[in-house]
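*Asks:* So the sequence lines, in the order shown, correspond to chains A and B.
So the first sequence is residues 7 to 273, counted in the working numbering.
So the second sequence is residues 30 to 487, counted in the working numbering.
All C-beta atoms in this analysis are idealised placements derived from N, C-alpha and C, irrespective of residue type, glycine included.
None of these values were measured; they are calculated from a predicted model.
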Amino acid sequence: MVRKLVDLVRLLYSRRELIAELVRRELRDEHMGTTIGALWAYGQPLLLMIMYAVLFAYVFPARFGSKVSMADYSACVMAGIVQWLAFQNLLFRAPGILIQQASLVKQIVFPTQVLPVKTAIASALPYSVAVLFAIGYSAYHDTLSWWTLALPWLIFCQMIAMTGVAFLFSAGGVFIRDLREFVMIFTSINLFAQPILYNPFATPKALHTLFYFNPFSYETWCWQDALFRPTAPHVLAWIVFPLCSFATFIIGWLVFDSARHSFGDAL
Amino acid sequence: MSDAQIAIITRDLSKVFRIYKNPLDGLWESITGKPRHLERTALEGVNLEVHRGEIVGVMGRNGAGKSTLLKVIAGTLERTTGDLQVNGRITAILELGTGFHPEYTGRENIYMGGLCLGMSHKEVDSKLDSIIEFSELHTVIDDPFKTYSTGMRARLTFSVAISVEPDILIVDEALSVGDARFQQKCFSRLQRLRARSATVLLVSHDTNAITSFCDRALILEDGRVYAEGEPKKISMAYHNLLFGQKSSKTKDANASTPPARKAPVNQEQSLPHDVVAKTHITKSDEATGAEGLFGGNQDGESMRYGSGEARLVEWGLLDQHGDRCGVVESGNFCRLYMVLDCQQAIDDLSCGFAIKDRRGTVLWGITNLAQDKTAFKAQSGSRLIVSAECVMWLAAGYYFVTLGAAHVEEGRKIDFVEDAIEFKVVGPDGIFTNSVVNLQTTFNIECRNEATEEATGA
Numbered sequence: 007m008v009r010k011l012v013d014l015v016r017l018l019y020s021r022r023e024l025i026a027e028l029v030r031r032e033l034r035d036e037h038m039g040t041t042i043g044a045l046w047a048y049g050q051p052l053l054l055m056i057m058y059a060v061l062f063a064y065v066f067p068a069r070f071g072s073k074v075s076m077a078d079y080s081a082c083v084m085a086g087i088v089q090w091l092a093f094q095n096l097l098f099r100a101p102g103i104l105i106q107q108a109s110l111v112k113q114i115v116f117p118t119q120v121l122p123v124k125t126a127i128a129s130a131l132p133y134s135v136a137v138l139f140a141i142g143y144s145a146y147h148d149t150l151s152w153w154t155l156a157l158p159w160l161i162f163c164q165m166i167a168m169t170g171v172a173f174l175f176s177a178g179g180v181f182i183r184d185l186r187e188f189v190m191i192f193t194s195i196n197l198f199a200q201p202i203l204y205n206p207f208a209t210p211k212a213l214h215t216l217f218y219f220n221p222f223s224y225e226t227w228c229w230q231d232a233l234f235r236p237t238a239p240h241v242l243a244w245i246v247f248p249l250c251s252f253a254t255f256i257i258g259w260l261v262f263d264s265a266r267h268s269f270g271d272a273l
Numbered sequence: 030m031s032d033a034q035i036a037i038i039t040r041d042l043s044k045v046f047r048i049y050k051n052p053l054d055g056l057w058e059s060i061t062g063k064p065r066h067l068e069r070t071a072l073e074g075v076n077l078e079v080h081r082g083e084i085v086g087v088m089g090r091n092g093a094g095k096s097t098l099l100k101v102i103a104g105t106l107e108r109t110t111g112d113l114q115v116n117g118r119i120t121a122i123l124e125l126g127t128g129f130h131p132e133y134t135g136r137e138n139i140y141m142g143g144l145c146l147g148m149s150h151k152e153v154d155s156k157l158d159s160i161i162e163f164s165e166l167h168t169v170i171d172d173p174f175k176t177y178s179t180g181m182r183a184r185l186t187f188s189v190a191i192s193v194e195p196d197i198l199i200v201d202e203a204l205s206v207g208d209a210r211f212q213q214k215c216f217s218r219l220q221r222l223r224a225r226s227a228t229v230l231l232v233s234h235d236t237n238a239i240t241s242f243c244d245r246a247l248i249l250e251d252g253r254v255y256a257e258g259e260p261k262k263i264s265m266a267y268h269n270l271l272f273g274q275k276s277s278k279t280k281d282a283n284a285s286t287p288p289a290r291k292a293p294v295n296q297e298q299s300l301p302h303d304v305v306a307k308t309h310i311t312k313s314d315e316a317t318g319a320e321g322l323f324g325g326n327q328d329g330e331s332m333r334y335g336s337g338e339a340r341l342v343e344w345g346l347l348d349q350h351g352d353r354c355g356v357v358e359s360g361n362f363c364r365l366y367m368v369l370d371c372q373q374a375i376d377d378l379s380c381g382f383a384i385k386d387r388r389g390t391v392l393w394g395i396t397n398l399a400q401d402k403t404a405f406k407a408q409s410g411s412r413l414i415v416s417a418e419c420v421m422w423l424a425a426g427y428y429f430v431t432l433g434a435a436h437v438e439e440g441r442k443i444d445f446v447e448d449a450i451e452f453k454v455v456g457p458d459g460i461f462t463n464s465v466v467n468l469q470t471t472f473n474i475e476c477r478n479e480a481t482e483e484a485t486g487a
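1) Could you work out which residue in B:V368, B:L369, B:L346 is closest to B:F362 when comparing CA atoms only?
2) Alpha carbon to alpha carbon, what distance is there between A:M38 and A:N95?
3) Starting from the C-beta of A:T40, find all residues in its chain whose C-beta is less than 7 Å away, skip the five residues before and the five after it, and write them out in chain order.
4) With 8 Å as the threshold, decide whether the Cβ of B:A121 is near any Cβ in chain A.
5) Taking C-alpha atoms, which residue in B:T179, B:R40, B:A246 lies nearest to B:P131?
6) Considering A:D13, what are the terminal residues of the beta strand (DSSP E) in which it resides?
7) If you draw a straight line from the C-alpha of A:K124 to the C-alpha of A:A26, how long is it?
8) Going by C-alpha distance, which of B:G394, B:G147, B:L249 is nearest B:K385?
9) Should the stretch 372-387 of chain B be regarded as contacting the stretch 400-411 of chain B, the criterion being three or more beta carbon pairs within less than 8 Å?
10) Report the residues of the stretch 372-392 of chain B with a CB closer than 7 Å to any CB of chain D, ordered along the chain.
11) Just verifying my parser: in three-state terms, what is the DSSP assignment at B:D112?
12) Select from A:S264, A:I256, A:A199, A:F234 the residue whose C-alpha is nearest the C-alpha of A:H147.
13) Can you find a C-beta in chain B that's less than 8 Å from the C-beta of A:H37?
14) Compute the minimum distance between the beta carbon of B:G207 and the heavy atoms of the ligand FMN, and state whether it is under 7 Å.
15) To which residues does DSSP link B:P173 through a beta bridge?
16) Whole angstroms is fine: what's the gap from A:S109's alpha carbon to B:R136's?
17) Only counting the same chain, and skipping five residues up and downstream in sequence, which positions put a Cβ closer than 6 Å to that of B:P301?
18) Please identify the residue among A:P51, A:F62, A:D263 whose C-alpha is closest to the C-alpha of A:G170.
19) Bridge partners for B:K385 per DSSP, in chain order?
20) Spell out a yes or no on whether the stretch 262-269 of chain B and the stretch 106-116 of chain B are touching, meaning 3 or more CB-CB pairs, one atom from each, closer than 8 Å.
21) With a cut-off of 8 Å, does the C-beta of B:A103 fall near any C-beta of chain A?
22) Could you give the residue range of the beta strand (DSSP E) that holds B:H488?
23) Go to B:T39, then tell me how far its beta strand (DSSP E) extends in each direction, as first and last residue.
24) With a cut-off of 8 Å, does the C-beta of B:T279 fall near any C-beta of chain A?
25) A:P239: which of A:A253, A:P248, A:Y224, A:L273 sits nearest, CA to CA?
26) Could you check if A:L17 is buried or exposed, using at least 16 other CB atoms within 10 Å of its CB as the buried criterion?
27) Can you tell me which of B:L219, B:T403, B:D352, B:A238 puts its alpha carbon nearest to the alpha carbon of B:P195?
28) Among B:A190, B:V437, B:K402, B:G360, which residue has its Cα nearest to the Cα of B:A425?
29) Note down, in chain order, all residues in the stretch 11-24 of chain A with a beta-carbon under 7 Å from any beta-carbon belonging to chain B.
30) Looking at the C-beta of B:P287, does it have a partner C-beta in chain A at a distance below 8 Å?
31) Leaving aside the five residues before and after B:G318 along the sequence, list all residues of the same chain whose C-beta is less than 7 Å from its C-beta, in chain order.
32) Are B:V232 and B:V87 closer than 8 Å when you measure CB to CB?
33) I want to see whether chain B comes within less than 8 Å of A:Q50, judged by CB atoms only; does it?
34) Less than 8 Å between the CB atoms is what I'm expecting for B:V466 and B:V356, so what's the real figure, rounded?
35) Using DSSP with H/G/I as helix, E/B as strand and the rest coil, what is B:T228?
36) Please identify the residue among A:A272, A:I161, A:A208, A:G178 whose C-alpha is closest to the C-alpha of A:C247.
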């Protein structure tokens with residue numbers, strides 16, 4: 007298993023130029039023909055973030071009249087939502103990775119491993135601007151702390167997890183074409199099944215139990231710790247999240263690797 | 030043969046496609062273990078050995094398993110059973126413009142294609158000029174790929190694929206869309222690859238290309254290797270397979286091409302065709318014009334095929350005196366003839382001759398259809414004497430005459446004899462010995478010195 011992983015890393019390194027080119031293309035292709043082109047790729051997430059910020063800082067507090075500082079609350083939402091939007095972006099794309107590139111898989115001698123990695127990067131990259139926005143927003147509300155320095159580590163872990171999911175779902179999508187539909191439903195539910203949109207100071211107990219069963223919650227907590235100065239850091243999350251990420255990556259790769267030879271037949 | 034010289038080796042290679050009517054069937058099958066699929070065998074027990082520095086042509090009807098074989102060797106499909114060993118870096122052109130994006134320009138696509146094939150940016154940079162030059166697309170290289178014609182796409186695909194300098198190159202019919210000149214260029218490039226001891230595996234329906242450029246050829250039929258060997262013989266066997274078997278009324282001539290490897294039962298049948306052809310000439314020299322002269326060895330002829338509605342009973346080449354001959358002097362009159370007995374009425378008869386050179390390239394040909402633009406109506410029981418009078422303008426060399434009769438409709442062969450006559454052309458003197466044609470030349474050098482030039486100027 008270790009050798010397989012080493013081989014994978016070596017291959018990905020040797021094909022880094024190809025991956026870079028593919029990522030560039032994916033971002034460009036998506037908005038091909040539009041006036042501002044690839045800017046859309048970065049602009050869309052940013053607009054979403056601004057929408058959430060406005061919604062949670064000004065619209066919701068006025069409606070509910072909560073006692074907690076609403077500006078702070080919205081910074082917390084920003085921290086949680088940015089990582090989920092990036093992940094969700096990948097989840098949408100993952101089942102179709104190989105199906106859409108069927109000709110590459112079938113017609114030429116091509117390292118298929120490159121494709122999921124490409125998609126993971128291409129779905130995360132546009133959110134770099136959104137992350138900067140979230141950091142800026144937190145800085146404005148003065149909720150940054152020493153924990154913020156762990157952000158690169160969190161991003162790394164998330165990339166690992168996203169690549170793992172990309173491996174797993176891209177392989178799965180080849181054989182189970184319904185995967186895409188399942189994922190669509192899952193993502194819309196999952197937004198509410200993790201502690202993102204809830205006021206951390208006023209979440210019902212029942213929901214808390216649910217959060218603990220959802221692996222995505224741990225990721226959210228880590229991000230919230232990093233960008234929203236914690237009164238009591240989620241120590242458990244900082245252990246569980248990296249472990250889950252690496253486990254996902256290894257499982258995803260093993261499944262992908264064992265299914266790799268039947269892609270040509272199934273497509 | 031040592032292992033180092035073998036590029037591709039397959040042993041009992043089989044490929045079975047599983048067809049699931051319902052995607053859930055696959056899932057169900059893996060859970061219960063009960064088979065819920067149909068099987069379609071694409072390849073069955075293929076044994077193949079390809080050496081380094083060899084160009085091997087693969088022929089076969091549509092659906093015979095050619096593409097599957099190439100894909101299994103290239104590794105984009107997994108074999109079902111058997112062994113496969115491939116030594117070296119493979120590049121495959123299985124489809125035109127794979128990895129190319131229609132919206133991007135030719136130049137951008139060269140980069141993408143090159144990266145897909147495993148080159149680095151730098152490598153592509155260094156080869157960019159030669160790729161564009163080879164593709165001859167200078168003027169349109171910065172236009173979007175979608176604006177290219179099929180032939181242009183083929184040119185770009187091929188140019189990129191070949192720039193990788195692979196150890197093994199697999200080409201699946203991609204070349205057939207290029208024009209003749211580009212094809213020629215590709216083939217000479219392939220031969221240069223071969224000179225570096227690279228291996229080429231080529232699928233083509235063009236028997237001319239196969240005989241001219243391949244060292245070896247094989248025919249796939251129903252997923253098996255049907256025949257394998259020298260390109261010329263194999264392309265004839267392929268021709269036979271395509272047209273000969275369709276309407277097998279008579280048993281003899283139709284079934285006369287055995288799978289070369291499997292059943293070399295009949296010594297007579299597996300004789301090389303040129304040997305058979307030679308016998309004709311010697312016999313015809315002995316006894317001129319005797320009817321049914323060749324009856325004895327005609328059926329043993331391996332390169333004869335057709336439905337048998339009519340039968341060629343005699344044929345030959347006559348010189349200007351009307352005598353049979355095996356040697357013609359270039360520039361002299363000669364006459365090709367054949368005698369056809371029609372067993373049945375044939376409404377749309379087309380018959381004629383073709384002369385080929387040693388590589389199997391057709392140099393000249395004529396049929397009544399080509400000449401008169403109408404088919405000939407032959408009555409049942411009639412005997413036709415078909416002849417072509419011509420002046421031999423071919424240059425010195427050995428040539429072969431293929432003759433026969435066919436239906437106009439679909440070109441269904443009635444009776445065809447490949448390389449029925451072998452003849453030699455001698456002369457003309459004073460031109461290159463490797464000349465193909467005699468242009469009846471007068472050659473002179475005129476000398477004009479300055480003095481005369483001034484004189485004419487003044």
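*Replies:* Checking against the coordinates, here is how it stands:
1) For B:F362, the closest C-alpha among the options B:V368, B:L369, B:L346 is that of B:L346.
2) If you take the alpha carbons of A:N95 and A:M38, they lie about 19 Å apart.
3) Excluding positions up to five away in sequence, the list reads W46.
4) Yes, contact with chain A.
5) Of B:T179, B:R40, B:A246, the residue nearest in Cα terms is B:T179.
6) A:D13 -> not in any beta strand (DSSP E); alpha helix (DSSP H) instead, spanning 8-20.
7) Rounded to the nearest whole angstrom, the C-alpha separation of A:K124 and A:A26 is 8 Å.
8) Nearest option by C-alpha distance: B:G394.
9) With the rule of 3 Cβ pairs closer than 8 Å, the stretch 372-387 of chain B counts as touching the stretch 400-411 of chain B.
10) Note that chain D does not occur in the displayed structure, where the protein chains are A and B.
11) Of the three classes helix, strand and coil, the one that applies to B:D112 here is strand, per DSSP.
12) Per the Cα distances, A:F234.
13) With 8 Å as the cut-off, A:H37 does not count as an interface residue toward chain B.
14) For the structure depicted, the ligand FMN is absent and the ligand set is empty, with no information on it obtainable.
15) In the DSSP output, where bridge partners are listed per residue, B:P173 has B:T134.
16) The straight-line gap from Cα to Cα measures roughly 20 Å.
17) Bear in mind that a pLDDT of 38 at B:P301, under 50, signals an unreliable position, so the number given afterwards is only what the model happens to contain. Excluding positions up to five away in sequence, the list is empty.
18) Closest in alpha carbon position to A:G170, among A:P51, A:F62, A:D263, is A:D263.
19) For B:K385, the beta-bridge partners assigned by DSSP are B:V391, B:F429.
20) They do not touch, by the three-pair rule.
21) So, interface residue.
22) Beyond the ends of chain B as shown, which are 30 and 487, falls residue 488 of chain B; an answer cannot be given.
23) Segment 35-48, the beta strand (DSSP E) holding B:T39.
24) Bear in mind that a pLDDT of 33 at B:T279, under 50, signals an unreliable position, so the number given afterwards is only what the model happens to contain. With 8 Å as the cut-off, B:T279 does not count as an interface residue toward chain A.
25) Considering only alpha carbons, the answer is A:Y224.
26) Classification of A:L17: exposed, given that the 10 Å Cβ count is below 16.
27) Comparing Cα-Cα distances from B:P195 to each of B:L219, B:T403, B:D352, B:A238, the minimum goes to B:L219.
28) It is B:G360.
29) Taking 7 Å as the cut-off between beta carbons, the residues of the stretch 11-24 of chain A near chain B are E23, L24, in sequence order.
30) In this prediction, B:P287 has a pLDDT of 40, which is less than 50 and means its spatial position is unreliable; what the coordinates show is noted afterwards. So, not an interface residue.
31) Residue confidence for B:G318 is low, a pLDDT of 38 falling below 50, so the modelled location carries little weight; the figure read from the coordinates is stated next. Apart from the 5 residues on each side of it in sequence, B:G318 has no Cβ closer than 7 Å to any other Cβ in its chain.
32) Against a cut-off of 8 Å, the Cβ pair of B:V87 and B:V232 comes out as a contact.
33) For A:Q50, the answer is no, since every Cβ of chain B falls outside 8 Å of its Cβ.
34) So it is not a contact: roughly 18 Å between Cβ atoms.
35) If DSSP states are grouped into helix, strand and coil, B:T228 belongs with the strands.
36) Checking the displayed sequence, the identity of residue 247 of chain A turns out to be Phe instead of Cys. For the options A:A272, A:I161, A:A208, A:G178, the alpha carbon positioned closest to that of A:F247 is the one of A:I161.
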